[in-house]
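Trainee:
2 protein chains.
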Amino acid sequence: MSGPTPTRQRRRGHDPESVLSIAVGVFNERGYDGTSMEDLARALGVTKSAIYYHVPGKEQLLARALDRALDGLFAMVADERAASGAAIERLEWVVRQSVRMLVERLPYVTLLLRVRGNSRTEQAALERRREFDRFISHLVKEAAAEGGIRADVEPLLVTRLLFGAVNSITEWYQPARGDSADDLADALLKMTFDGLRSDAA
Amino acid sequence: MSGPTPTRQRRRGHDPESVLSIAVGVFNERGYDGTSMEDLARALGVTKSAIYYHVPGKEQLLARALDRALDGLFAMVADERAASGAAIERLEWVVRQSVRMLVERLPYVTLLLRVRGNSRTEQAALERRREFDRFISHLVKEAAAEGGIRADVEPLLVTRLLFGAVNSITEWYQPARGDSADDLADALLKMTFDGLRSDAA
Chain A
1 MSGPTPTRQR RRGHDPESVL SIAVGVFNER GYDGTSMEDL ARALGVTKSA
51 IYYHVPGKEQ LLARALDRAL DGLFAMVADE RAASGAAIER LEWVVRQSVR
101 MLVERLPYVT LLLRVRGNSR TEQAALERRR EFDRFISHLV KEAAAEGGIR
151 ADVEPLLVTR LLFGAVNSIT EWYQPARGDS ADDLADALLK MTFDGLRSDA
201 A
Chain F
1 MSGPTPTRQR RRGHDPESVL SIAVGVFNER GYDGTSMEDL ARALGVTKSA
51 IYYHVPGKEQ LLARALDRAL DGLFAMVADE RAASGAAIER LEWVVRQSVR
101 MLVERLPYVT LLLRVRGNSR TEQAALERRR EFDRFISHLV KEAAAEGGIR
151 ADVEPLLVTR LLFGAVNSIT EWYQPARGDS ADDLADALLK MTFDGLRSDA
201 A
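Chains A and F are the protein sequences, given in the same order.
Quick note on numbering: the first sequence equals residues 1 to 201 in the UniProt record's numbering.
Quick note on numbering: the second sequence equals residues 1 to 201 in the UniProt record's numbering.
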């Protein structure tokens, strides 16, 4: 008797993955705080009571969405290529991977970057984000100590400005325009590691 | 009979300038759409009816606040130093001035960067912002054409990433921490024009 339901749900695209993806789109458009369960039900094309079949609540969706972004960052941190070799090369690899991850998981990272700590879920996400920032900051300091990057810039400012450029991608990137993640990463790395001046190249 | 009022208003800090400054603080904290005239009255410490003595409405405050940021950008565009000389030097000057302006007018620029076009005031501000972006984009193209900046990066991506780093300052800058606008600009220009690699300097 319960046979047809999963099929219909799949056909209408209501597996957990698409529920999450649609919800994140609504959060980014209306703001998380401005989104009601009714808004989510409308976006999914289900009744308000049916939405509870798919998800117990808004905050659980938020937690899953933020994990999607954060797990990507921490997979990088745990990777062998972030752990051995010259620090400047590891930094370069991490920046490239960050751009790739951001493009692959664009709506999830966009949501993460807007989190301000308004709930325990948001605070936990901010704490993980700060942990990632400390990892980057440490890598920049190592690269400076090894003499790989110039000594006349403050590592903390470099970290902020470098990831300011990376994170800005969520503000202006249009996948349809045709630039791939690697195009973005190439431009960013050439600009920040080698410099824009033609005589610096 | 009307003598004491302006004195009292000055003492309580309710000249137009401080009304604007307090309102922008509230807009940035609560979001413009989430701010009511009652919130503004509370922040100013006046009754809800007294607020209309100071300002006809929320959108007028928004328009004045956005002009404060945009006028700063266009003063740069009109400056002699943005108009003559090698394009790469003009670009360098404009980036440095942008950082200074952003730090000087931090809450106004923060507000501008969050505008999404939800009203005619916001649309007009976005149009002026796009005009500024076109000016920068043109300058980057000129610098590439003159051979001042490397030819193997797409000027539009450079513009986006460069100002992505500049604008990120609104996300993390803490004036109390001690970095001056010139410290920020120096770090940013060294990183993006000369490159982080010690052998690129």
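For every residue, glycine included, the Cβ atom is placed at its ideal position computed from N, Cα and C.
With 16 as the cutoff for other CB atoms within 10 Å, does Arg-8 (chain F) come out buried or exposed?
Mentor: The residue labelled residue 8 (chain F) in the question sits at position 8 within the second sequence. With a pLDDT of 45 at Arg-8 (chain F), under the threshold of 50, the modelled position of that residue is not reliable, and the figure given next carries that caveat. Exposed, by the Cβ-count rule.
Trainee: So is Gly-195 (chain A) in contact with chain F if we call contact Cβ pairs under 7 Å?
Mentor: Indexing the first sequence from 1 puts residue 195 (chain A) at position 195. For Gly-195 (chain A), the answer is yes, since a Cβ of chain F falls inside 7 Å of its Cβ.
Trainee: Is Val-109 (chain A) near Thr-170 (chain A), with beta carbons less than 7 Å apart?
Mentor: Taking the first residue of the first sequence as position 1, residue 109 (chain A) is located at position 109. Taking the first residue of the first sequence as position 1, residue 170 (chain A) is located at position 170. Going by C-beta atoms, Val-109 (chain A) is nearer than 7 Å to Thr-170 (chain A).
Trainee: Per DSSP, which residues does Ile-169 (chain F) bridge with? Please list them.
Mentor: Start at 1 with the first residue of the second sequence, and residue 169 (chain F) comes out as number 169. None, per the DSSP bridge assignment.
Trainee: Check whether the Cβ of Ser-168 (chain A) lies closer than 7 Å to any Cβ atom in chain F.
Mentor: Residue numbering aside, residue 168 (chain A) sits at position 168 when the first sequence is read from its first letter. Yes, because at least one Cβ of chain F sits closer than 7 Å to the Cβ of Ser-168 (chain A).
Trainee: So with Cβ pairs under 7 Å, would you call residue 253 (chain F) a contact of chain A?
Mentor: One cannot answer for residue 253 (chain F) here, as it falls past the ends of chain F, which runs 1 to 201.
Trainee: Is any heavy atom in the ligand GTP found nearer than 6 Å to the beta carbon of Val-158 (chain F)?
Mentor: As far as ligands go, the structure on display features none, and thus does not contain the ligand GTP.
Trainee: Looking only at its chain, what residues have a beta carbon closer than 6 Å to the beta carbon of Ile-136 (chain A), apart from the 5 residues adjacent to it on each side?
Mentor: If you number the first sequence from 1, residue 136 (chain A) lands on position 136. The answer, listed in chain order, is Thr-159.
Trainee: Less than 7 Å between CB atoms is the rule here; does Ile-136 (chain A) satisfy it with respect to chain F?
Mentor: Translated into the one-based positions of the first sequence, residue 136 (chain A) becomes position 136. Closer than 7 Å: no.
Trainee: If I'm right that Leu-113 (chain F) touches Asn-167 (chain F) with Cβ under 8 Å, what's the distance once you round it to whole angstroms?
Mentor: Counting from 1 along the second sequence, the entry for residue 113 (chain F) is found at position 113. Counting from 1 along the second sequence, the entry for residue 167 (chain F) is found at position 167. Confirmed, about 6 Å.
Trainee: Out of curiosity, what's the CA-to-CA distance linking Ala-176 (chain A) and Glu-131 (chain A)?
Mentor: Numbered from its first residue, the first sequence carries residue 176 (chain A) at position 176. Numbered from its first residue, the first sequence carries residue 131 (chain A) at position 131. Approximately 33 Å, taken between the alpha carbons.
Trainee: Mind pulling the chain F residues with CB within less than 8 Å of Glu-131 (chain A)?
Mentor: Position 131 of the first sequence, counted from the first residue, corresponds to residue 131 (chain A). The premise fails here: Glu-131 (chain A) is roughly 16 Å from chain F at the closest Cβ pair, so nothing lies under 8 Å.
Trainee: Check the C-beta distance from Ala-185 (chain F) over to Val-77 (chain F) and give it rounded, since I have them as a contact under 8 Å.
Mentor: If you number the second sequence from 1, residue 185 (chain F) lands on position 185. If you number the second sequence from 1, residue 77 (chain F) lands on position 77. So it is not a contact: roughly 18 Å between Cβ atoms.
Trainee: Using only alpha-carbon positions, find the residue among F:Leu-40, F:Ala-65, F:Ala-86 that is nearest to His-54 (chain F).
Mentor: Start at 1 with the first residue of the second sequence, and residue 54 (chain F) comes out as number 54. When only C-alpha atoms are compared, the closest one is F:Leu-40.
Trainee: Ignoring anything shorter than 3 residues or poking outside the region 88-129 of chain A, list the beta strand (DSSP E) runs there in chain order.
Mentor: Taking only runs of at least 3 residues, no beta strand (DSSP E) segment lies wholly in the region 88-129 of chain A.
Trainee: On the DSSP letters alone, give me the boundaries of the alpha helix (DSSP H) that His-54 (chain A) sits inside.
Mentor: Stepping through the first sequence from its first residue, residue 54 (chain A) is reached at position 54. Here the alpha helix (DSSP H) through His-54 (chain A) covers 48-54.
Trainee: Would you list, in sequence order, the uninterrupted alpha helix (DSSP H) runs of no fewer than 4 residues that lie entirely inside the UniProt domain "HTH tetR-type" (13-73) of chain A?
Mentor: Counting whole runs of 4 or more residues, the UniProt domain "HTH tetR-type" (13-73) of chain A contains the alpha helix (DSSP H) stretches 16-30, 37-44, 48-54.
Trainee: Could you tell me which chain F residues have their CB closer than 8 Å to the CB of Lys-105 (chain A), listed as they occur along the chain?
Mentor: The residue labelled residue 105 (chain A) in the question sits at position 105 within the first sequence. The question names Lys, but residue 105 (chain A) in the sequence shown is Arg. Near Arg-105 (chain A) there are no residues of chain F at all, since even the closest Cβ is about 18 Å away, more than 8 Å.
Trainee: Per DSSP, residue 205 (chain A) forms a beta bridge with which residues?
Mentor: What the structure shows of chain A is the stretch from 1 to 201, and residue 205 (chain A) is not part of that stretch, so it cannot be assessed.
Trainee: Looking at the secondary structure, which residues open and close the alpha helix (DSSP H) in which Arg-181 (chain A) lies?
Mentor: Working through the first sequence from its first residue, we reach residue 181 (chain A) at position 181. The sequence as given places Ala at residue 181 (chain A); Arg does not occur at that position. From DSSP, the alpha helix (DSSP H) with Ala-181 (chain A) extends over 181-189.
Trainee: Ala-201 (chain A) to Gln-97 (chain F), Cα distance in whole Å?
Mentor: Working through the first sequence from its first residue, we reach residue 201 (chain A) at position 201. Working through the second sequence from its first residue, we reach residue 97 (chain F) at position 97. Because Ala-201 (chain A) carries a pLDDT of 45, less than 50, the predicted location of this residue cannot be relied on, and no value is offered for it.
Trainee: Closest by CA to Leu-161 (chain A), which one among F:Ala-144, F:Lys-190, F:Gly-148, F:Val-140?
Mentor: Reading the first sequence from its first residue, position 161 is the one you call residue 161 (chain A). With distances taken between Cα atoms, Leu-161 (chain A) lies closest to F:Lys-190.
Trainee: How is Gly-164 (chain A) classed by DSSP in three states: helix, strand or coil?
Mentor: Locating residue 164 (chain A) in the first sequence gives position 164, where the first residue counts as 1. Helix at Gly-164 (chain A).
Trainee: Taking a cut of 8 Å between CB atoms, which residues from the region 146-158 of chain A lie near chain F?
Mentor: Of all residues in the region 146-158 of chain A, Gly-147, Gly-148, Ile-149, Arg-150, Ala-151, Asp-152, Val-153, Glu-154, Leu-157, Val-158 have a Cβ within less than 8 Å of some Cβ in chain F.
Trainee: Would you verify that the beta carbon of Gly-164 (chain F) is, or is not, closer than 7 Å to some beta carbon of chain A?
Mentor: Locating residue 164 (chain F) in the second sequence gives position 164, where the first residue counts as 1. Yes, its Cβ sits closer than 7 Å to a Cβ of chain A.
Trainee: Determine, for Ala-187 (chain F), whether the minimum Cβ-Cβ distance to residues of chain A falls below 7 Å.
Mentor: For the purposes of this step, residue 187 (chain F) is taken as residue 187 along the second sequence, with counting starting at 1. By this cut-off, Ala-187 (chain F) is an interface position.
Trainee: Relative to the alpha-carbon of Asp-194 (chain A), which residue among F:Val-19, F:Leu-91, F:Arg-150, F:Asn-118 has its alpha-carbon at the smallest distance?
Mentor: Within the first sequence, the letter at position 194 stands for residue 194 (chain A). Ranking F:Val-19, F:Leu-91, F:Arg-150, F:Asn-118 by Cα distance to Asp-194 (chain A) puts F:Arg-150 first.
Trainee: For Ser-72 (chain A) and Glu-92 (chain A), what's the separation of their Cα atoms in angstroms?
Mentor: Position 72 of the first sequence holds residue 72 (chain A). Position 92 of the first sequence holds residue 92 (chain A). In the sequence as displayed, the identity of residue 72 (chain A) is Gly instead of Ser. The straight-line gap from Cα to Cα measures roughly 17 Å.
Trainee: Just the chain F side, please: which residues come within less than 8 Å of Trp-172 (chain A) by C-beta, in chain order?
Mentor: On the first sequence, residue 172 (chain A) is found 172 positions in, with the first residue counted as 1. Arg-160, Gly-164, listed in chain order.
Trainee: Going along the chain, which residues of its own chain have a beta-carbon closer than 6 Å to the beta-carbon of Thr-35 (chain A), five neighbours each way excluded?
Mentor: The residue given as residue 35 (chain A) occupies position 35 in the first sequence. Excluding positions up to five away in sequence, the list reads Val-26, Phe-27.
Trainee: Would you say Leu-66 (chain A) and Ala-125 (chain A) are within 7 Å of each other, going by their C-beta atoms?
Mentor: The residue given as residue 66 (chain A) occupies position 66 in the first sequence. The residue given as residue 125 (chain A) occupies position 125 in the first sequence. Yes.
Trainee: Which residue from A:Ser-84, A:Arg-68, A:Arg-90, A:Glu-38 puts its Cα closest to that of Gly-57 (chain A)?
Mentor: Position 57 of the first sequence, counted from the start, is the residue given in the question as residue 57 (chain A). For the residues A:Ser-84, A:Arg-68, A:Arg-90, A:Glu-38, the minimum Cα distance to Gly-57 (chain A) belongs to A:Glu-38.
Trainee: Flag this pair as yes or no: are the beta carbons of Val-24 (chain F) and Pro-107 (chain F) separated by less than 7 Å?
Mentor: Indexing the second sequence from 1 puts residue 24 (chain F) at position 24. Indexing the second sequence from 1 puts residue 107 (chain F) at position 107. Contact flag set, yes.
Trainee: Would you mind giving the Cβ-Cβ distance between Glu-154 (chain F) and Ala-144 (chain A), rounded to the nearest angstrom? I have them listed as a contact below 8 Å.
Mentor: Here residue 154 (chain F) corresponds to residue number 154 of the second sequence, with the count starting at 1. Here residue 144 (chain A) corresponds to residue number 144 of the first sequence, with the count starting at 1. Wrong, their Cβ atoms sit about 29 Å apart, outside the cutoff.
Trainee: Return no unless some Cβ of chain F is closer than 7 Å to the Cβ of Pro-16 (chain A).
Mentor: Numbered from 1 along the first sequence, position 16 holds the residue referred to as residue 16 (chain A). It does not: the Cβ of Pro-16 (chain A) has no partner Cβ on chain F nearer than 7 Å.
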